[in-house]
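Undergrad:
Chains as they are written, first to last, in the numbering used here: chain A, 1 to 554; chain B, 1001 to 1263.
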């Protein structure tokens, strides 16, 4: 398919300025980087994390007074899908030891460990078992397995990368368990990249002091997910998998212990009550909120459900104001929208350009600054390039790499990206790429301790839904490790908790009643209804044709 | 709900995953399960259907070509040929007739990985249907990941587990192969078993990893991690800044830092 004739016409402007820019690069001259004051200005005006305009202090609940992105704040201040006073809590549909909410990497690991501890488990999935961000992680998983490395250095790298804002017991747990996670996955039959003698192949990643990134081709997360899902399926006597049945509210007992959840069968639109001695929250992140309209690398169901449900049950969160944006996500072709273009492209010398083929920023500013500059150029200055599907992007001039490093260097240095674009008729060694910042990772999440306990007895948390592991900045390869380390710990902790003897009292939704009373008292008259479960991609035209005023849906 | 207003509302742009039809852009007709819709060109099947007003429950997952939730079969008007692809990765063409196959029933055999070994007999016993393969190659033709499905089934029949594991590595378990199979073989489950047997029993296990796991379980690093967890921030920062970096080109397992007391 390739670029449309209109876009090809615009590429001529890039080609027109290229000889001059290449000559400049050869003289080691760069577009000037911003001063610290200029950085601050562009960040505060254009970076979604810094912009004051679309932020809001949350008015109720454990994080009352904390400031979040408007979308996030509104979800924290949302009301329940169900009317608590009208639910018959006597009619229990499923009884189990452990209910795992979310069947991605963390939830599935938790389910296997809980089953190993002798617990009956139900995994409630919103979509299919395994539909998650885990499956999309390509690069690798950190673990200090090599002789020159140790959990000590993994701890230091992780906390330094997080600007020392991480929760220490979580970092210690991550660093300590990481090699155990790898050994576990190996024993389950996961295909790691290995040398002939069985040694795992390891690489450096941004911010690592040792080569610690183990991988499985360029689909590490997918390989993890399909192996542990397969293992969970081997334990069907202990693990029941419910698909298209997300949890919409947690249940407590009259003592305040977590005691299950209400599930919603999205296909039949029936609700059901699961009574469980322990609950593991493993619902993942919030990329599909498209904070401020950004595209995302996340899967379809990443809508912050777990944070919302836990919040009503009294579990607060940390670092949730912090979101990882990657400056160069794809905006064309449509198949690749939101997917990452590695920083390496700019590291190799490619310029970022506007519609006139002009540079407007130093290409290797810190990620947050670079993102803000792209947003400024496209949105405030109107110098972005419009795609046929109405997306705005800026050029990333990859053909420059050929001129700076010799013919064939794009293909050699960026093989996966080359193939990804070639499949859609674009040769990135000859034509530039269209890019724009993309929403990648929810840095924060619900509060847990190193053993995954929340403040509510019987409620545990693992994976992207928890906060504090990465502080305000996550290193590559630590998210997959977070998933396995804390997933396994959550399953073990839930098992131990149950073995200690759990006596459930009557089920209760009083926490929801109390929370909604708080909403009313704070004057929040028209709260959103959440969890939202799935994003809505209807166009304005379609929405209008549904006659929101004139017709009532059956 | 998802936010869709750009920071500068005067420029109308597509945000999130929602497509818009910019002024002057062309639409093309597609037929979703036989029913005609006009959609912008260059959209994927998934986004074109959402543009038309569909909201996916089944048939959408990662939206990035790796989860196998959106296998789709289509024909073009006037052509007998069937095409297969992922809805999130395939661009709409004019007069495309399409239907999604978000689920296809396939037999999966349970096993205990601890009780297996590196021999192919276990696979043959769990999945005797692999011998029903008639080498028609429809599985390979249907694969949206270009996996040579028939070749790995053939390798499994011949007991070549490593070959099957490597050929099948890119499988996303969408099930299109099984939907086309005359022998009613659940290819992707068979491949999963082959890969797990290969990684567990044929590929050598990592010795350095085993040793590190033993050290951790013996508590070797507990005190070090406790110290780091309770240290004040200034000292922690100093340690962070003073880290030695393993050279990029160091041979695996050979380089040693100056300071070895934390290894």
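Positions of the beta carbon are idealized from the N, C-alpha and C atoms, including for glycine.
Note that the structure is predicted; figures quoted are calculated from it, not measured.
In the DSSP assignment, the alpha helix (DSSP H) including residue 413 (chain A) goes from what residue to what residue?
TA: For the purposes of this step, residue 413 (chain A) is taken as residue 413 along the first chain, with counting starting at 1. Residue 413 (chain A): member of the alpha helix (DSSP H) spanning 409-413, first to last residue.
Undergrad: When you check each C-beta in the stretch 1022-1047 of chain B against every C-beta of chain A, which residues fall closer than 7 Å?
TA: 1022, 1025, 1040, 1041, 1042, 1043, 1044 and 1047
Undergrad: Quick one: which unbroken alpha helix (DSSP H) runs of 4-plus residues sit fully inside the stretch 20-64 of chain A? Chain order, please.
TA: With a minimum length of 4 residues, the continuous alpha helix (DSSP H) runs that stay inside the stretch 20-64 of chain A are 36-46.
Undergrad: What span of residues does the beta strand (DSSP E) with residue 392 (chain A) cover, start to end?
TA: Indexing the first chain from 1 puts residue 392 (chain A) at position 392. Its beta strand (DSSP E) spans residues 392-396.
Undergrad: Is DSSP giving residue 87 (chain A) helix, strand or coil here?
TA: Numbered from its first residue, the first chain carries residue 87 (chain A) at position 87. Looking at residue 87 (chain A) - three-state DSSP - the assignment turns out to be coil, as it is neither helix nor strand.
Undergrad: Would you call the stretch 205-222 of chain A and the stretch 1215-1222 of chain B in contact, with 3 or more CB pairs under 8 Å?
TA: no
Undergrad: CB-CB under 8 Å to residue 537 (chain A), same chain, minus the five flanking residues each way: which ones, in chain order?
TA: Locating residue 537 (chain A) in the first chain gives position 537, where the first residue counts as 1. Result list for residue 537 (chain A): empty, nothing under 8 Å.
Undergrad: How would you call residue 195 (chain A), buried or exposed, if buried means at least 16 neighbouring beta carbons within 10 angstroms?
TA: Sequence index remark: in the first chain, residue 195 (chain A) carries index 195 (1-based). Counting the other CB atoms within 10 Å of its CB gives residue 195 (chain A) a total below 16, which places it among the exposed residues.
Undergrad: Would you decide whether residue 1164 (chain B) is buried or exposed? Buried here means 16 or more other CB atoms lie within 10 Å of its CB.
TA: The residue given as residue 1164 (chain B) occupies position 164 in the second chain. Buried, by the Cβ-count rule.
Undergrad: Is the CB of residue 1006 (chain B) under 7 Å away from at least one CB in chain A?
TA: Residue numbering aside, residue 1006 (chain B) sits at position 6 when the second chain is read from its first letter. The pLDDT assigned to residue 1006 (chain B) is 42, lower than 50, so where the model puts this residue is not dependable, and the model offers no usable value.
Undergrad: What are the residues of the stretch 336-347 of chain A that lie near chain B, defined by any Cβ-Cβ distance shorter than 8 Å?
TA: The residues in question are 337, 338 and 339.
Undergrad: Following the continuous beta strand (DSSP E) through residue 163 (chain A), name the residue where it begins and the one where it ends.
TA: Reading the first chain from its first residue, position 163 is the one you call residue 163 (chain A). Here residue 163 (chain A) belongs to no beta strand (DSSP E), and DSSP marks it neither H nor E.
Undergrad: Between residue 200 (chain A) and chain B, is any beta-carbon pair separated by less than 7 Å?
TA: Your numbering for residue 200 (chain A) matches position 200 in the first chain. So yes, residue 200 (chain A) belongs to the interface.
Undergrad: Within 7 Å of any Cβ in chain A, is that where the Cβ of residue 1115 (chain B) sits?
TA: Taking the second chain and counting its residues from 1, one reaches residue 1115 (chain B) at position 115. Residue 1115 (chain B) does not count as touching chain A.
Undergrad: Using the three-state DSSP reduction, which class does residue 1107 (chain B) fall into: helix, strand or coil?
TA: Position 107 of the second chain, counted from the start, is the residue given in the question as residue 1107 (chain B). Residue state, collapsed to three classes: coil.
Undergrad: Check for me: the alpha helix (DSSP H) holding residue 1240 (chain B) runs from which residue to which?
TA: Numbered from its first residue, the second chain carries residue 1240 (chain B) at position 240. Where residue 1240 (chain B) is concerned, the enclosing alpha helix (DSSP H) stretches over 1233-1241.
Undergrad: Counting only the same chain and skipping the five closest in sequence on each side, list residues whose C-beta sits under 8 Å from that of residue 156 (chain A).
TA: On the first chain, residue 156 (chain A) is found 156 positions in, with the first residue counted as 1. Here the set comprises 209.
Undergrad: Give the secondary structure of residue 180 (chain A) by DSSP, where H, G and I count as helix, E and B as strand, and everything else as coil.
TA: The residue given as residue 180 (chain A) occupies position 180 in the first chain. Of the three classes helix, strand and coil, the one that applies to residue 180 (chain A) here is helix, per DSSP.
Undergrad: So what's residue 1128 (chain B) in DSSP terms, helix, strand or just coil?
TA: Locating residue 1128 (chain B) in the second chain gives position 128, where the first residue counts as 1. Here residue 1128 (chain B) sits in helix by DSSP.
Undergrad: Have a look at residue 374 (chain A) and residue 1242 (chain B) and give me their C-alpha separation to the nearest angstrom.
TA: As a position in the first chain, residue 374 (chain A) is number 374, starting the count at 1. As a position in the second chain, residue 1242 (chain B) is number 242, starting the count at 1. The alpha-carbon of residue 374 (chain A) is positioned some 34 Å away from that of residue 1242 (chain B).
Undergrad: Going straight from the alpha carbon of residue 297 (chain A) to that of residue 1016 (chain B), what length do you get?
TA: Taking the first residue of the first chain as 1, we reach residue 297 (chain A) at position 297. Taking the first residue of the second chain as 1, we reach residue 1016 (chain B) at position 16. C-alpha separation (whole angstroms): 10 Å.
Undergrad: Which parts of the stretch 449-496 of chain A are runs of the beta strand (DSSP E), unbroken and 3 residues or longer, counting only runs that do not cross its ends?
TA: 459-461
Undergrad: Please name the residue, chosen from A:317, A:509, A:327 and A:451, that lies closest to residue 368 (chain A) on a Cα-to-Cα basis.
TA: Counting from one through the first chain, the residue named residue 368 (chain A) turns up at place 368. Shortest Cα-Cα distance from residue 368 (chain A) to any of A:317, A:509, A:327 and A:451 involves A:327.
Undergrad: Name the DSSP beta bridge partners of residue 1040 (chain B), please?
TA: The sequence position of residue 1040 (chain B) within the second chain is 40, counting from 1. According to DSSP, residue 1040 (chain B) bridges with B:1027.
Undergrad: Measuring straight from C-alpha to C-alpha, what distance separates residue 182 (chain A) and residue 488 (chain A)?
TA: As a first step, residue 182 (chain A) is located in the first chain; it is residue number 182 there, counting from the start. As a first step, residue 488 (chain A) is located in the first chain; it is residue number 488 there, counting from the start. The straight-line gap from Cα to Cα measures roughly 12 Å.
Undergrad: Pull out every residue of the stretch 169-182 of chain A whose Cβ sits closer than 7 Å to any Cβ of chain B, in chain order.
TA: 169, 172, 175, 176, 179, 180 and 182
Undergrad: Output needed in chain order: residues of the stretch 1087-1104 of chain B with a Cβ under 9 Å from some Cβ in chain A.
TA: Taken in chain order, the members of the stretch 1087-1104 of chain B whose beta-carbon sits within less than 9 Å of a beta-carbon on chain A are 1088, 1089, 1090, 1091, 1102 and 1103.
Undergrad: Taking 7 Å as the limit between beta carbons, can you name the residues of its chain near residue 435 (chain A), skipping five residues before and five after?
TA: Here residue 435 (chain A) is taken as the residue at index 435 of the first chain, counted from 1. Answer for residue 435 (chain A): 328, 329, 330, 331, 341, 393, 394 and 396, listed in chain order.
Undergrad: In terms of residue numbering, what span does the alpha helix (DSSP H) encompassing residue 260 (chain A) cover?
TA: As a first step, residue 260 (chain A) must be located in the first chain, where it is residue number 260. Segment 258-265 is the beta strand (DSSP E) holding residue 260 (chain A); no alpha helix (DSSP H) there.
Undergrad: I need the boundaries of the beta strand (DSSP E) containing residue 405 (chain A), first residue and last residue.
TA: For the purposes of this step, residue 405 (chain A) is taken as the residue at position 405 of the first chain. Not the beta strand (DSSP E): residue 405 (chain A) falls in the alpha helix (DSSP H), residues 399-405.
Undergrad: Any beta carbon of chain A sitting closer than 7 Å to that of residue 1017 (chain B)?
TA: Translated into positions along the second chain, residue 1017 (chain B) becomes position 17. At least one chain A Cβ lies under 7 Å of residue 1017 (chain B).
Undergrad: So, using beta-carbon positions, are residue 1089 (chain B) and residue 335 (chain A) closer together than 7 Å?
TA: The count along the second chain starts at 1 and reaches residue 1089 (chain B) at position 89. The count along the first chain starts at 1 and reaches residue 335 (chain A) at position 335. In this structure, residue 335 (chain A) lies closer than 7 Å to residue 1089 (chain B) by Cβ.
Undergrad: List the DSSP bridge partners of residue 317 (chain A).
TA: Here residue 317 (chain A) corresponds to residue number 317 of the first chain, with the count starting at 1. Note: residue 317 (chain A) sits in a beta bridge opposite A:446.
Undergrad: Could you pull out every unbroken alpha helix (DSSP H) segment of at least 4 residues lying fully inside the stretch 342-401 of chain A, listed in chain order?
TA: 344-347 and 367-375
Undergrad: Under the rule that 16 or more other beta-carbon atoms within 10 Å means buried, what is residue 1254 (chain B), buried or exposed?
TA: Stepping through the second chain from its first residue, residue 1254 (chain B) is reached at position 254. Around the C-beta of residue 1254 (chain B), fewer than 16 other C-beta atoms lie within 10 Å, and the residue is accordingly described as exposed.
Undergrad: Which residues, taken in chain order from the stretch 1238-1249 of chain B, show a beta carbon closer than 9 Å to some beta carbon of chain A?
TA: 1239, 1240, 1241, 1243, 1244, 1245, 1246 and 1248
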